[in-house]
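What follows is the structure, encoded as structure tokens:
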């Protein structure tokens with residue numbers, strides 16, 4: 001091979017390594033002496049082996065050659081042994097195994113090596129391993145420890161020499177199905193020497209109900225690399241971790257730290273690369289708690305109760321690559337939080353209460369590849385927020401309240417030159433940027449877009465063209481929007497019918513009118529009529545002219561026959577008043593006015609008011625009960641009939657009137673009649689001084705506040721009263737023109 005070819009090959013390998021570096025750093029550091037490949041298999045457990053075990057008579061054995069799985073049942077169902085195709089053995093015990101029961105277990109060590117061994121509710125497990133000739137060489141999982149008050153070396157049995165090769169240890173209680181069950185579970189204690197027999201331990205998982213950890217727990221395994229603790233601690237166990245020299249991964253879950261964390265809790269854990277404080281009820285973080293963790297690359301704070309973050313929280317995390325803040329109560333992020341985290345690749349802000357993304361928050365994150373902010377309350381994103389995120393490939397903004405204007409959302413995406421996945425489902429979008437994915441926009445690399453469950457009615461022709469022809473756009477989701485099926489929807493309809501490979505939800509595409517079939521089942525003629533010719537236009541004009549002529553003829557005949565009824569209807573609805581006079585509407589009424597008064601005021605009515613109306617010019621026909629009512633008739637019926645047969649009702653309002661029940665009834669009847677007809681028919685004449693105003697009926701009080709009235713001692717009394725009475729030839733338009741002048745004199 002020539003030097004030039006050798007150089008090119010070396011250079012290519014080097015470049016590939018550099019490109020893959022950001023992803024390689026995710027992997028935890030390992031030690032070759034303890035994390036080698038799984039040990040080579042000695043042999044496969046086959047049907048012949050199963051037959052040999054069954055022949056001994058103490059156990060039944062079933063082997064499935066298709067998936068190389070074996071089920072062995074011993075001691076009348078007290079022990080179940082499963083061998084799977086991953087070179088693992090799972091042992092489930094129903095009761096404590098007596099020595100004579102142990103003696104019946106089959107030996108498996110000569111048949112195969114084991115990658116992992118898992119036990120469920122078994123005691124004295126090392127004795128079980130000895131009987132079955134098994135030695136854990138990599139992973140040991142011990143499940144079903146919830147019944148134990150304490151975890152001691154004797155929990156593993158007495159033959160502890162068999163545990164020396166354990167690299168991965170998991171101690172687990174029964175899965176906690178509900179918070180109530182978890183609370184009722186008794187507290188468990190961990191002895192400081194439970195790891196004494198496992199000097200090669202590399203990874204430890206403890207999922208128990210413990211409230212504290214022994215200070216010397218890790219003293220026998222100071223080189224442990226990965227620790228996961230799921231329990232019920234209320235304070236960070238600093239003294240327990242002080243001896244660990246190579247700890248790279250630390251996971252603390254389901255604890256109750258609240259605001260008990262302190263700035264110096266991680267003082268001795270300077271080697272940590274991955275820190276997980278998930279679901280720990282954390283309400284507050286000290287401003288410099290992570291300052292000692294300068295090597296930190298992955299930080300997970302999900303599912304806590306954080307409302308605010310100190311601006312200096314990540315001031316020393318220059319190597320941070322993944323940050324998960326999801327499932328908290330954050331309403332905003334402090335400006336400057338990411339000032340030094342310029343290597344951050346993945347930021348998860350989902351399931352918070354963020355309402356706005358400020359343009360000064362994210363620009364330092366020039367290396368970011370993925371941003372997730374779904375299930376917040378985002379309404380706005382400032383222009384320039386993604387200006388420097390030119391490596392961002394995935395943007396998740398689902399389940400928010402975004403509703404951009406037509407010109408804004410295109411500018412928001414400026415700078416996203418490598419954006420491939422854009423998730424905008426379940427927002428309030430009425431418009432979608434028509435430049436998305438196009439060659440003349442920064443989002444030209446877009447290959448996946450999801451805008452389901454929005455309020456989109458139309459998609460621009462330009463965007464449809466991009467979805468049709470783009471070399472990168474491979475997947476689109478557009479369903480669950482109220483698409484307007486009209487003549488403008490032809491590009492969308494063509495896209496739905498012709499791009500079923502790109503449009504993954506074309507089966508669910510529907511019009512806003514849900515009574516129509518699915519879009520893919522419609523044709524353009526179903527919601528847009530084709531162009532019509534000249535002949536069709538002529539026919540349409542003739543039809544319209546014929547219909548119009550028929551309508552006018554019918555209207556004229558109806559007007560001729562129902563002249564009076566039509567005028568009354570128009571007058572009641574305040575329509576066509578220039579064509580309708582009040583005399584036309586009230587022509588069949590018997591009296592011009594019905595006077596309602598208390599019998600104490602009958603002298604004033606009979607000597608002054610009635611003569612002034614009946615003998616003046618013009619004269620009016622007046623109804624009063626002492627003269628015009630039938631003797632012996634039912635009074636309420638007389639009141640109703642008098643009001644309905646009169647063009648006006650004159651109320652003589654005095655101190656006697658307001659204490660008269662019959663007078664009050666006459667007012668309410670007249671008022672209800674006026675309300676029903678939509679016209680003012682009541683004339684109030686105040687006679688004398690009214691002292692006890694609190695006795696006024698509520699309905700009458702409300703009427704006086706919103707309508708004008710006449711006073712007997714007013715020098716303009718008769719002129720105003722005659723104007724308020726029905727006129728012979730005055731129409732409503734004339735009265736409306738003079739109303740304001742008369743009211744100014746009241």
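Residue numbers (this note's numbering): 1 to 746.
Glycine residues also receive a C-beta, built at the ideal position from the N, C-alpha and C atoms.
Rounded straight-line distance, which links the Cα of residue j to that of residue i
i           : j           : result
residue 422 : residue 473 : 11 Å
residue 626 : residue 639 : 12 Å
residue 294 : residue 265 : 14 Å
residue 658 : residue 609 : 19 Å
residue 28  : residue 155 : The pLDDT assigned to residue 28 is 43, lower than 50, so where the model puts this residue is not dependable; a value taken from the coordinates is nonetheless given after this. Using only the alpha carbons, I get a separation of about 30 Å.
residue 523 : residue 65  : 55 Å
residue 607 : residue 637 : 27 Å
residue 242 : residue 162 : 28 Å
residue 437 : residue 348 : 24 Å
residue 207 : residue 454 : 42 Å
residue 651 : residue 667 : 7 Å
residue 186 : residue 512 : 57 Å
residue 232 : residue 211 : 5 Å
residue 328 : residue 261 : 17 Å
residue 48  : residue 105 : 17 Å
residue 250 : residue 263 : 17 Å
residue 487 : residue 519 : 14 Å
residue 549 : residue 557 : 12 Å
residue 229 : residue 83  : 29 Å
residue 290 : residue 160 : 39 Å
residue 485 : residue 272 : 58 Å
8 Å Cβ shell around residue i - same chain, five flanking residues per side excluded
i           : result
residue 335 : 311, 358, 360, 361
residue 341 : 314, 317, 318, 320, 323, 364, 365
residue 643 : 594, 649, 666, 669, 670, 673
residue 462 : 434, 435, 438
residue 179 : Below a pLDDT of 50, predicted positions are generally treated as unreliable, and residue 179, at 46, falls in that range; the measurement from the model is reported next regardless. Nothing listed; no residue qualifies.
Own chain, CB closer than 6 Å to residue i, minus 5 neighbours either side, in chain order
i           : result
residue 452 : 425, 477, 479, 480
residue 300 : 276, 278, 324
residue 88  : 115, 116
residue 712 : 687
residue 697 : 664
residue 384 : 359
residue 63  : 47, 50, 70
residue 372 : 348, 350, 396
Residue i vs residue j beta-carbon contact at 8 Å
i           : j           : result
residue 769 : residue 166 : What is shown of the chain runs 1 to 746, which leaves residue 769 out entirely.
residue 151 : residue 190 : yes
residue 613 : residue 631 : no
residue 429 : residue 403 : yes
residue 589 : residue 645 : yes
residue 752 : residue 120 : Given that the chain is displayed from residue 1 to residue 746, the structure contains no residue 752 and the question cannot be resolved.
residue 596 : residue 553 : no
residue 401 : residue 370 : no
residue 168 : residue 139 : yes
residue 225 : residue 256 : no
residue 415 : residue 447 : no
Local conformation of residue i per DSSP, three classes
i           : result
residue 757 : Nothing can be reported for residue 757, as the shown portion of the chain is limited to 1 through 746.
residue 709 : coil
residue 673 : helix
residue 93  : strand
residue 80  : strand
residue 74  : strand
residue 150 : strand
residue 332 : coil
residue 128 : helix
residue 424 : coil
residue 230 : strand
residue 207 : strand
residue 542 : helix
Beta-carbon proximity list for residue i, same chain, < 7 Å, skipping 5 on both sides
i           : result
residue 344 : 320, 321, 323, 338, 365, 367, 368
residue 464 : 491, 492, 495
residue 173 : 145, 146, 207, 208, 209
residue 701 : none
For residue i: DSSP bridge partner residues
i           : result
residue 596 : 651
residue 324 : 300, 348
residue 682 : 649
residue 277 : 252
residue 395 : 371, 422
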